[in-house]
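Numbers 314 to 647, taken from my numbering, label the letters of the sequence shown in order.
Even for Gly, the Cβ is constructed at its ideal location relative to N, Cα and C.
As structure tokens, the structure follows; a few thoughts come after it.
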Amino acid sequence: MANGNKLHLQIFEDPRRQITDCVTLISSDEFNNNALNYVHRKLDQIWREVFRLTEVNIVDEYTLHCVSDAIACLQRVEEVEYSTRYQAPLVNDGSTGRPVFNITHDQLHFFLAHGFTGPAIANITEVSLRTVRRRINQYGLFKDVFRSDVTDAELDDIVSNVMEQFPNIGYRLLEGELRRRNIVIMRARCREVLRRLDPVGVVDRLHSLCYRRKYSVYGPLAIWRVDGNHKLIRWRLVIHGGIDGYTRFPVYLQCSNNNRSDTVLELFANAVREYGLPSRVRSDKGRIDDYGIDWDGPLVDQAELDHSVDVPELPHIITHEMEQELRQLINPLQ
314 MANGNKLHLQ
324 IFEDPRRQIT
334 DCVTLISSDE
344 FNNNALNYVH
354 RKLDQIWREV
364 FRLTEVNIVD
374 EYTLHCVSDA
384 IACLQRVEEV
394 EYSTRYQAPL
404 VNDGSTGRPV
414 FNITHDQLHF
424 FLAHGFTGPA
434 IANITEVSLR
444 TVRRRINQYG
454 LFKDVFRSDV
464 TDAELDDIVS
474 NVMEQFPNIG
484 YRLLEGELRR
494 RNIVIMRARC
504 REVLRRLDPV
514 GVVDRLHSLC
524 YRRKYSVYGP
534 LAIWRVDGNH
544 KLIRWRLVIH
554 GGIDGYTRFP
564 VYLQCSNNNR
574 SDTVLELFAN
584 AVREYGLPSR
594 VRSDKGRIDD
604 YGIDWDGPLV
614 DQAELDHSVD
624 VPELPHIITH
634 EMEQELRQLI
644 NPLQ
């Protein structure tokens, strides 16, 4: 009996870690139907192990109820997923072999004309990427058909007009702006035209490129990312902000007239009082600090975290172009 209990403890030594892995997979960009089935099977396995340990009084019934509630919630998600998703129907074309997926010419034409990629079309129609490519070749719907017939000289004039409104525009924003004007070209041509018309800006944006960090955390309050914007500090304007790494919820964002540490601490403390204390805080250069702050409330891993957080839309989004315009309009002598 002792050996059996020891074996159960070895198998189920960290159930929170296993459930955390499932939560991380659900919140990741790679979550799909296969991942949903994997999480369901994983939770069923955890439930069986917890049930065995409950019989020998190693794990309390509360843990078993939590796993049962998680499985029930996942089943509801599967029911909604299966009832709302679309799959290309199977039809028999009269030839030998299995039925084929009925993906019409108009469907593929619509997807390709609006910039959908092959993997995206395969995900929407619930077929393989190879099937989508065969249908594209069968109908002759190549991407060249949807591209605009515009010469380099005409493209230079159009992009020059765009750059008058957006001086620091990059190739991704340029591609979107051209699509808005019903002009579809290859991404390589977008890069080439920017190299011709704005070579200094291309080099400057390349050196100032910021890699977007990807956080793999188990839930809200696991990590906060704090930073400040000092590009307007010569006019005594400093923007301090903090965001939750899981929900991307802006816990605080304020423009101050100084860059003192007590100002940032006050903003952080107000956010803690309103939303709770995070487990980790990430700052510049990738540092993750365990800070020493007296706290009488519950620990993050003991609190009941609500993963369905509504991220509010900020009333005003200050883009890089707007910031550059502010720097040009404001008189340094003021």
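Which listed residue (the options) has its alpha carbon closest to that of residue i
i	options	result
Asp-419	Gln-388, Gly-453, Asp-406	Gly-453
Glu-638	Pro-480, Ala-383, Thr-444, Asn-436	Pro-480
Arg-573	Val-551, Arg-485, Thr-438, Arg-365	Val-551
Gly-483	Thr-464, Asp-511, Asn-495, Phe-459	Asp-511
Val-463	Val-440, Val-506, Phe-423	Val-506
Leu-425	Cys-568, Ile-498, Phe-455, Ser-461	Phe-455
Ala-501	Asp-465, Ser-529, Arg-494, Val-530	Asp-465
Tyr-399	Asn-436, Val-380, Ser-408	Asn-436
Thr-417	Ser-408, Phe-429, Thr-438	Thr-438
Tyr-565	Arg-547, Gly-532, Gly-541	Gly-541
His-308	Asn-495, Cys-503, Lys-355	The displayed coordinates of the chain run from 314 to 647. Any statement about residue 308 would go beyond what the structure contains.
Val-475	Phe-459, Arg-492, Arg-460	Arg-492
Pro-563	Glu-477, Tyr-588, Ile-546	Tyr-588
Cys-503	Val-530, Trp-360, Glu-467	Glu-467
C-beta contact flag for residue i and residue j at 8 Å
i	j	result
Ser-592	Leu-534	yes
Arg-538	Gly-558	yes
Gly-431	Leu-421	no
Asp-469	Arg-508	no
Glu-549	Asn-570	Reading off the sequence shown, one finds Arg at residue 549, where the question assumed Glu. A contact, by the Cβ cut-off of 8 Å.
Arg-586	Ile-536	no
Val-577	His-553	yes
His-353	Leu-403	no
Leu-356	Ala-383	yes
Arg-460	Ile-498	yes
Val-440	Phe-414	yes
Val-472	Leu-486	no
Counted within 10 angstroms of its Cβ, other Cβ atoms place residue i as buried (16 or more) or exposed
i	result
Gly-555	buried
Asp-614	At Asp-614, the pLDDT of 46 sits below 50, so the modelled position is not reliable; the number obtained from the coordinates is stated separately. So Asp-614 counts as exposed.
Trp-608	Only weak support exists for where Trp-608 lies, its pLDDT of 44 falling under 50; the coordinates are left without a value.
Gly-489	exposed
Ala-385	exposed
Thr-560	buried
Ala-401	buried
Leu-580	buried
Arg-448	buried
Val-445	buried
Val-516	exposed
Cys-335	buried
Gly-532	buried
Cys-568	exposed
Gln-358	exposed
His-620	Bear in mind that a pLDDT of 44 at His-620, under 50, signals an unreliable position, so the model cannot answer this.
Ile-606	For Ile-606, the predicted structure reports a pLDDT of 45, less than 50, and the residue's modelled location is therefore unreliable. The matter cannot be settled from this model.
Val-624	Bear in mind that a pLDDT of 47 at Val-624, under 50, signals an unreliable position, so the model cannot answer this.
Proximity test, residue i beta-carbon vs the ligand SAM heavy atom, cut-off 7 Å
i	result
Gly-514	This structure lacks the ligand SAM, and indeed carries no ligand of any kind.
N-terminal and C-terminal residue of the alpha helix (DSSP H) that residue i is part of
i	result
His-520	512-520
Asn-542	No alpha helix (DSSP H) contains Asn-542, which is instead part of the beta strand (DSSP E) from 536-542.
Asp-469	465-478
Asn-583	574-588
Gln-451	442-452
Asn-436	431-438
His-422	418-426
Ala-484	Checking the displayed sequence, the identity of residue 484 turns out to be Tyr instead of Ala. First-last of the alpha helix (DSSP H) with Tyr-484: 484-493.
Residue i - containing beta strand (DSSP E), residue span
i	result
Tyr-565	563-569
Arg-593	593-595
Gly-555	551-557
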